[in-house]
Structures are given as C-alpha cells and as structure tokens.
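Under UniProt numbering, the letters of the sequence shown match residues 1 to 319, in that order.
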Amino acid sequence: MKFCTNCGHQLSVGRYCTNCGARVPSIPVDAPRHQPDYPTAVRTDAFPAIPAVAPLDPADPTAPPPPPPPGPPPSSARYPLYADTVQPPAAGAPAAPLATASYGAVPPRRRSATPWLFAVLALVVIALLGGGLLLLGPSDDDADASRGSGRGNGPQGGPTTALEPADIAVPGTASASTDEDGNRVTFKAANMLDGDPRTSWRMSGDGTGSVITFTFDDPVTVTEVGLINGYAKTDPPHDWYAGNRRITLVVWAFDDGTEVTQELGDAQTVQTVPVGGVETTSIELRILEVTGPGEGPDGRDYTAISEIELAGPVGDGPP
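The structure is reproduced here in structure tokens:
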C-alpha cells in the first residue's frame with residue numbers, strides 16, 4: 001500500500017495524488033512524513049525512520065510540471081436527442097406528404113408469339129393433310145394390296161355377311177406337330193374357318209393342282225371370296241409364314257360356270273376379290289401356283305391356308 005509523500009493520503013492508481021495533486025515518485029520507498037501516519041497494522045518498533053521529503057519547488061527547473069487543474073464536476077444532464085430539436089407542426093397546418101423513393105417503372109415483359117404461330121401452322125397442316133386423305137380415299141394400289149388382284153363378274157355392292165359351308169373337302173391333311181411350349185398343333189380343314197390366323201389347314205409338299213371344295217346345304221349368293229395364303233403364325237423366333245409354302249395364284253369356280261382368278265402376294269392378312277353376286281351351292285378353290293419350301297432352320301415343305309373368307313349379302317348368312 002502506498003501513501004502520498006506530500007500529504008500522506010493513500011494513493012490509488014495514477015501518477016498524481018488525488019488529494020493534493022503532488023506527483024507520485026516512482027521509487028517504491030515513498031512514505032508519509034511521520035511514522036504515526038502509517039496504518040496501525042503496519043506499525044512496528046523496528047520500523048526505520050522515514051526521512052522527510054521536501055515539498056516541491058515550482059521554481060525548480062528539474063521539478064515536474066504541476067498537475068492540471070481539476071475539471072468541473074460531472075453533470076447529470078443527458079445528451080440532447082434529435083427528438084428534442086424537432087419542432088412540432090403548428091396547429092392547423094397541413095401535414096407534409098411522406099417522401100417516397102422514385103423508381104423507374106419496369107414495363108411488363110411481352111412474350112414472343114413465335115411458338116404460338118408455329119403451333120397454329122402445324123395444326124393447319126395436319127388438318128389439310130387429313131382432309132386430303134379423306135377426300136382422296138384409298139388408291140387402286142392399296143385396294144389391290146388388301147384384296148389381291150382378280151377378274152370377276154362385277155364389283156361387290158351393299159353390306160355382306162359371312163357364309164358358312166356345311167362341308168369342306170380337302171386333298172389331304174398334314175400330321176399334327178408340337179409347338180415351342182409342347183402343345184399339340186393340328187392342321188384340320190376346319191381351321192380355315194375358325195377366324196384365328198394362327199391356326200391353319202396344310203398339306204404335305206407342293207399343293208399345285210389341288211382343289212378344295214366348300215359345299216352349302218342350300219343355294220347362297222356369293223359376292224366376295226378371299227384367303228390368307230399361308231401359315232400366318234409367328235412363334236418367336238420362328239416365322240412359319242415364311243417357313244412354309246405360300247399360294248400365289250388360285251381360281252374360284254361356282255356351279256353356274258363362273259370362274260374368278262386371284263393373284264396373291266406375301267401378306268399375313270386376308271386378300272379378297274369380288275365375284276359379282278353369284279348364286280351357288282358349292283365353291284371350288286383351285287390352287288394353280290405355289291412357292292417353294294421355306295429356307296433356313298424354319299423351312300418346311302407344306303402348302304398351307306390359314307383363313308378362308310366367303311361373303312354374301314345380308315340375309316344369306318347363317319340364322
């Protein structure tokens with residue numbers, strides 16, 4: 001604990017005494033002028049005498065400068081606020097409008113009309129193409145591809161119905177076989193009229209010169225005939241239409257002597273030809289030309305027909 005050597009006041013932090021303003025020496029031997037000034041707790045009989053310290057002489061050039069005069073006592077007044085300097089508006093005066101930031105108005109972004117134009121043009125083109133196809137209708141080549149080409153007594157007219165013969169006579173029937181799943185497959189004559197192209201009648205070898213006869217119990221009027229000229233069954237990876245022989249030329253013969261020749265192409269659909277409304281009780285299908293056996297691992301030496309189509313006017317079909 002330190003005391004001022006000038007007045008004996010207890011020193012605190014700083015270089016000057018807060019009581020008399022004397023400079024505090026840096027030597028830690030500073031003490032009060034008289035020993036009795038020491039606190040009772042540190043007084044002892046063995047305490048050495050403390051030499052008196054001469055007061056500072058202001059005229060001494062080596063003396064430190066006097067401490068600055070103490071400032072005014074602190075005030076309890078608060079600092080002025082901005083609100084204290086703002087004068088309230090006079091009574092009755094209109095309030096000033098609030099200042100608002102001015103920004104340039106951003107015009108709305110216009111969307112490009114190009115995609116809409118392309119869409120409209122595409123719809124117009126599609127409509128024109130569709131209308132043109134409807135107006136033109138199927139060409140003669142398309143009709144020949146779907147029906148096959150032939151020579152008959154006249155075009156078919158009016159709605160038709162399927163004719164079902166009472167009996168079918170074939171020149172022969174190939175023996176049954178087994179498919180990939182181990183199921184037994186037969187090739188009987190009735191397969192030509194079951195409406196399923198995956199079933200067929202077939203005979204061994206080249207069927208050129210063979211005749212198939214369809215017989216009715218009563219006379220019927222026939223307006224159209226046709227057939228699927230091979231075994232139209234695809235059993236991946238096997239294509240039995242290409243693996244068996246296919247019929248390329250036939251003649252349809254009726255009771256009154258009418259004969260209609262039909263040329264057939266490679267198509268796994270029914271190829272038909274009109275016969276002009278012939279009344280008959282039997283129809284002969286004479287096979288004139290047949291392709292060779294199929295080639296490759298699926299090649300078979302059989303002549304096959306998957307479907308036969310016999311049609312007449314509505315009313316001549318089965319009850």
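We put the beta carbon where it would ideally sit given N, CA and C, even for glycine. Quick caveat, the model's predicted, so the values are computed rather than measured.
Nearest-angstrom Cα separation, counted from residue j out to residue i
i           : j    : result
T208        : Y302 : 11 Å
G154        : T258 : Here G154 scores only 39 on pLDDT, less than 50, and its place in the model is too uncertain to base an answer on.
N19         : C7   : 8 Å
D266        : S175 : 25 Å
residue 324 : S306 : No information on residue 324 is available, as it lies outside the stretch 1 to 319 that the chain covers here.
T221        : A242 : 35 Å
R202        : S177 : 12 Å
F118        : G130 : 18 Å
V260        : V185 : 33 Å
F216        : G132 : 44 Å
T213        : Y231 : 19 Å
D194        : G292 : 27 Å
N244        : D206 : 10 Å
P69         : D60  : 20 Å
N- and C-terminal bounds of the beta strand (DSSP E) containing residue i
i           : result
residue 326 : The chain is shown from 1 up to 319; residue 326 falls before or after that span and cannot be answered.
R202        : 201-204
G299        : Premise fails: G299 is in no beta strand (DSSP E) and is neither H nor E.
S282        : 271-290
Q262        : 259-263
A169        : 167-169
A59         : Where A59 is concerned, there is no enclosing beta strand (DSSP E), given that its DSSP letter is neither H nor E.
T160        : 160-162
Spatial neighbours of residue i in its chain, beta-carbon cut-off 8 Å, leaving aside the 5 residues before and after
i    : result
T160 : T223, E224, A311, G312, P313, V314
G14  : V24
D218 : T281
Chain-order list of residues whose beta-carbon lies under 6 Å from that of residue i (same chain, five-residue window excluded)
i    : result
G226 : V270, Q271, T272, E309
N229 : R246, I247, L264
K233 : R198, W240
E289 : T248, L249
N191 : T199, S200, W201
P237 : none
G277 : T221, T223
V124 : none
Residues near residue i by beta carbon distance below 7 Å, same chain, minus five either side
i    : result
R286 : V211, V250, V251, A253
A46  : With a pLDDT of 47 at A46, under the threshold of 50, the modelled position of this residue cannot be trusted, and the question is left open.
L11  : K2, F3, C4, C17, V24
Three-way DSSP call (helix, strand, coil) for residue i in this model
i    : result
V251 : strand
P313 : strand
G132 : helix
T223 : strand
A232 : coil
V24  : coil
A174 : coil
C18  : Before going on, a small fix: residue 18 reads as Thr here, not Cys. It is coil, neither helix nor strand.
V185 : strand
T215 : strand
S146 : Here the model assigns S146 a pLDDT of 39, short of 50, so the residue's position is not dependable, and the following value carries that caveat. Here S146 sits in helix by DSSP.
Check whether the region 170-184 and the region 247-257 are in contact - that is, three or more C-beta pairs closer than 8 Å. Judged by Cβ distances under 8 Å, the region 170-184 makes no contact with the region 247-257, as fewer than three pairs qualify.
Could you say if the region 291-299 and the region 175-182 meet the contact criterion of at least three C-beta pairs nearer than 8 Å? no
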